[in-house]
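Last residue of the sequence shown: 1560 (the working numbering), numbering continuous. We treat Cβ as the ideally placed atom computed from N, Cα and C, and that holds for glycine. This structure is a prediction, so every number in the text was calculated from the model and none was measured. Here's the structure we're looking at; comments come further down.
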Amino acid sequence: MTESKNPETLVLHAGYRNDPATGAVAVPIYQTTSYQFQDTGHASRLFALQELGNIYTRIMNPTQDTLEQRIAALDGGVAALAVSSGQAASAMAIQNLAWAGDNIVSSTDLYGGTWNLFANTLKQQGIEVRFADPADPESFRKATDDRTRAYYAETLPNPKLRVFPIKEVADIGRPLGIPLIMDNTAAPIICRPFDYGAAINVYSMTKYIGGHGTSIGGIIVDSGTFDWEAAGARHPALNTPDDSYHGAVWTEAVKPLGPIAYIIRARVILLRDLGAAVSPQNAFQFIQGLETLPLRMREHCRNASAVAEYLGKHDKVATVIHPSNQTGEEKRRADAYLNGGYGGLVGFELAGGKAAGQAFIEALKMFYHVANIGDARSLAIHPASTTHSQLSPEDQEATGVSDGYVRLSIGIEHIDDIIADLEQALAAV
Ligand code: PLP
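Shown next, in the form of structure tokens:
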């Protein structure tokens, strides 16, 4: 346990000191499905949520619990729920508030998987996602009606890498009773969305938090600062009796345990019913990753800024996409919301178009050619011939992907080796 607020300390100490049974300092992998109740009274108190504790690993697990406490502490939140993937975290963060007939308003700048979830699967389930332009925060208000249950956005969305106006949109939502859910996957440590009014964070832990490309996982973090009760009819999921839990009204039932109605409902209803649980093994992997996250983010940011500067001077590079070289309102937002660096992602456009993009990728020797970000290793992809190849040329342009666009996820190797690999691959174009 620690009183510190410093991320470097929190990731090592928050939520766990040593195993009470064995004294183990590393968080044990509690590879168990179930937990012996002390007696029948204990069992019924757990089920009635009069006492929090372990019942069954689909809903909670002690290894998972430490991971959740650490990430909640890191984000300045009150509680968290780890799940089996980033996709599960995004879906559940919304399904915890919105039902058939409801809507949410989302930024257009999204990871492709989230876009599919919003434009197709949630729609098929009766939840409408209305898309708003992040360049104009007021577009969120304009898309809002009585059935709007949440706003949704990514802090540092690729490929455009334009930082989202967190405070501007959170400030529109709060008086209307609408929480802002931020996908902070690309900016852990360097952005704390709760400091700017976001109510809920989601992460794909698969990326920077895991950091080593070994495990898929996601997490939902509750700031504890959103007044669900005051929002009244805006949030029937939290303010009306829940038939599937003895008629519990979550904002009332959970009050003695703290401002955790949202995250408790996500756990005991959605995780119970949908079952996208994180495995204890993977929770352990994420705890290992988390221990060095602040260190790694510093190196990712430092290396990415150096790469952006290098590419900016290269005559085969037409444009560099990185927050460090943005101007005007985009730069103001990057500087207002990112602290200690501009993240590990860099985009650039090759003057030679698609053929140049493909030739560049083929020539890389150290960078991995993968559809991933946030690994300790440097990664590259040419979206026009891979992730975005099914899109029409107009849609590619709208999403910020031109024929010659290359996305780099800069790792923590020595910067000289990163630049050397880019240099020799550019020479081959
Ligand atoms: N959010 C962002 C910003 C992502 O980049 C990704 C995956 O690439 C996800 C969510 C989905 O995460 P996962 O692959 O862990 O399901």
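Bounds of the beta strand (DSSP E) holding residue 1284 are 1279-1285.
Burial state of residue 1468 is buried, judged by a 10 Å Cβ sphere holding 16 or more other Cβ atoms. Residue 1467: member of the alpha helix (DSSP H) spanning 1459-1468, first to last residue. A residue is called buried once 16 or more other Cβ atoms fall within 10 Å of its Cβ, and residue 1473 is buried on that count. Contact between residue 1274 and residue 1261 holds: their C-beta atoms lie close to 4 angstroms from each other, under 8 angstroms. Scanning 1453, 1325, 1318 and 1330 for the CA closest to the CA of residue 1340 turns up 1318. Boundaries of the beta strand (DSSP E) harbouring residue 1536: 1536-1540, taken from the DSSP string. In the structure shown, residue 1315 adopts coil according to DSSP, grouped into three states. Within its own chain, the residues whose Cβ lies closer than 8 angstroms to the Cβ of residue 1199, once the five positions on either side in sequence are excluded, are 1146, 1210, 1211, 1212, 1213 and 1350, listed in chain order. Between the segment 1430-1439 and the segment 1533-1544 there are three or more C-beta pairs closer than 8 angstroms, enough to call the two in contact. If you check the C-beta of residue 1475 against the ligand PLP, you find no heavy atom less than 7 angstroms away.
For residue 1291, the shortest C-beta to heavy atom distance toward the ligand PLP is 7 angstroms or greater. The Cβ neighbour count for residue 1206, taken over all protein chains shown within 10 Å, is at least 16; the residue is labelled buried. Secondary structure note for residue 1430: its alpha helix (DSSP H) is the uninterrupted segment 1424-1443. Along the length of the segment 1217-1294, whole beta strand (DSSP E) runs at least 3 residues long occupy 1234-1238, 1259-1263 and 1279-1285, reported in chain order. The beta carbon of residue 1381 lies closer than 7 angstroms to those of 1369, 1373, 1392, 1395 and 1396 in the same chain, with the five residues before and after it left out. In the three-state scheme derived from DSSP, where H, G and I count as helix and E and B as strand, residue 1530 is classed as coil. A straight line joining the alpha-carbon of residue 1358 with that of residue 1208 spans about 14 angstroms. In this chain, the alpha helix (DSSP H) harbouring residue 1172 covers 1171-1178.
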